[in-house]
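Residue numbers (numbering that gives the first Met the number 0): 0 to 146. Heads up, the beta-carbon is just placed ideally off N, CA and C, and yes, glycines get one too.
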Amino acid sequence: MRIAIGCDHGGLEHKNAIAEHLKERGFEVKDFGIYEQVSVDYPDIAVKVAGSVKEKESDLGILVCGTGIGMSLAANKVKGIRAAAVSEHFSAKYTRLHNNSNILCLGGRVIGVGTAIELVDLFVDTEFEGGRHAKRVDKITAIEEAN
Ligand code: RB5
């Protein structure tokens, strides 16, 4: 599986630890930065990771900012992206199972690195359930196309 990853200055330590972990697990990781502790605008990173997922260069994306919220708001502006800001295990699993989310957004100032890695593992290891949930996700796509 190919995973795009990125962060702003609120998530560098988390992003680096997650990228390392995913590589150790054998995933192909495309790192869109940042690479050092500099202040950046989170939409600039979100659009790169979201673009990689949209263009199907990557299967899933991970974004980390201070809260996970700014990254999710920005990524969700890209067509075909379903980005979820998550800080606990149940949602990390169910946003794949039921929402077919393709980007996980985490808050580097909200959760620790250990929890972040557990949430990433749940996210990448869970498949969309389809069935009745597919109809609902299709309705999200229809809203996107109509607006
Ligand atoms: C940056 O200070 C902070 O606003 C950003 O990391 C994120 O939390 C935005 O949602």
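Q) Which residues in the same chain as D40 place their Cβ atom closer than 8 Å to its Cβ, once the five residues preceding and following it in sequence are excluded? A) Taken in chain order, the residues that qualify are D7.
Q | Closest residue to K47 among K78, K22, I17 (Cα-Cα distance) | A | Nearest of K78, K22, I17 to K47, Cα basis: K78.
(Q) Given the structure, does Y34 come close to ligand 1, in the sense that its CB is under 7 Å from one of the ligand's heavy atoms? (A) The answer is no for Y34.
Q: Pull up the distance between the alpha-carbon of L11 and that of L21, whole angstroms please.
A: Their backbone Cα atoms lie some 15 Å apart in a straight line.
Q) Cβ-heavy atom distance between D7 and ligand 1 below 7 Å? A) Flag set: Cβ of D7 near ligand 1.
(Q) So, under 8 Å CB-CB, R3 and S71 are touching, yes? Tell me the CB distance rounded to an integer number of Å. (A) In the sequence on display, residue 3 carries Ala and not Arg. Actually they are not in contact, since the Cβ atoms of A3 and S71 sit about 15 Å apart, beyond 8 Å.
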